[in-house]
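Asks: Residue numbers (our numbering): 1043 to 1163. Heads up, the beta-carbon is just placed ideally off N, CA and C, and yes, glycines get one too. On a predicted model such as this, the values are computed, not experimentally measured, just so you know. Attaching a single structure in structure tokens format; questions to follow.
The following block contains the structure:
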């Protein structure tokens, strides 16, 4: 019978050195942190990403106004999802009602922030 793959080479196993192992772990952790936490614009020579201005909110609008509009948008989305769920049957209806519930929870959170907000004027 013919063996397709050759035998592995006879080599001495590398001695276990805890200092080298710790250094490799540190290097791997540093690479992971750099990859996930440092943006491209953190590196020298690269510019920050410029966001699109097609849907730009005026920077002078106060937080209370933004929260009121967010609350109204979430309330409208909740009603639209609820109404649409009335026309759908089966698992899609359950999914849509779950989405409606998440929207409603977001609306409740925004309402709570509005309740806690102290007017500046």
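Starting from residue 1140 and walking both ways along the alpha helix (DSSP H), at which residues does that stretch end?
Replies: As a first step, residue 1140 must be located in the chain shown, where it is residue number 98. Run containing residue 1140: 1133 to 1158, per the alpha helix (DSSP H) assignment.
Asks: Let's test the definition: count the other Cβ atoms within 10 Å of the Cβ of residue 1121 and tell me whether it reaches 16, buried, or not, exposed.
Replies: For the purposes of this step, residue 1121 is taken as residue 79 along the chain shown, with counting starting at 1. That one is exposed.
Asks: Would you identify the three-state DSSP class for residue 1096, choosing helix, strand or coil?
Replies: Numbered from its first residue, the chain shown carries residue 1096 at position 54. In the structure shown, residue 1096 sits in coil (DSSP, three-state: anything other than H, G, I, E or B).
Asks: For residue 1132 and residue 1096, I'd like the C-alpha separation in whole angstroms.
Replies: To locate residue 1132, count along the chain shown from 1; it is residue 90. To locate residue 1096, count along the chain shown from 1; it is residue 54. Straight-line Cα distance between these residues: approximately 38 Å.
Asks: Given a cut-off of 8 Å on the beta-carbon distance, is the pair residue 1145 and residue 1119 in contact?
Replies: The residue given as residue 1145 occupies position 103 in the chain shown. The residue given as residue 1119 occupies position 77 in the chain shown. Cβ distance < 8 Å, so residue 1145 and residue 1119 count as in contact.
Asks: Looking at the unbroken alpha helix (DSSP H) that takes in residue 1130, where does it start and where does it end?
Replies: For the purposes of this step, residue 1130 is taken as the residue at position 88 of the chain shown. It is not in any alpha helix (DSSP H) - residue 1130 carries neither H nor E in the DSSP assignment.
Asks: Name the residue from 1106, 1070, 1068 whose alpha carbon lies nearest to the alpha carbon of residue 1152.
Replies: Within the chain shown, numbered from 1, the residue matching residue 1152 stands at position 110. When only C-alpha atoms are compared, the closest one is 1106.
Asks: Given a threshold of 16 other Cβ atoms within 10 Å of its Cβ, counted over all protein chains shown, does residue 1178 qualify as buried or as exposed?
Replies: Beyond the ends of the chain as shown, which are 1043 and 1163, falls residue 1178; an answer cannot be given.
Asks: Mark residue 1149 as exposed unless 16 or more other C-beta atoms lie within 10 angstroms of its C-beta, in which case mark it buried.
Replies: Here residue 1149 refers to the residue found at position 107 when the chain shown is read from its first residue. With 16 or more Cβ atoms within 10 Å of its Cβ, residue 1149 is classed as buried.
Asks: First and last residue of the alpha helix (DSSP H) that includes residue 1060?
Replies: To locate residue 1060, count along the chain shown from 1; it is residue 18. Looking at the DSSP string, the run of the alpha helix (DSSP H) that includes residue 1060 is 1060 to 1079.
Asks: Can you round the beta-carbon distance between residue 1155 and residue 1109 to whole angstroms, since I take them to be within the 8 Å contact cut?
Replies: Position 113 of the chain shown, counted from the start, is the residue given in the question as residue 1155. Position 67 of the chain shown, counted from the start, is the residue given in the question as residue 1109. Right, the Cβ-Cβ distance comes to about 6 Å (below 8 Å), so this counts as a contact.
Asks: If residue 1006 sits next to residue 1141, beta carbons under 8 Å apart, how far is it from one beta carbon to the other, in whole angstroms?
Replies: The question about residue 1006 has no answer here: the residues shown for the chain are numbered 1043 through 1163.
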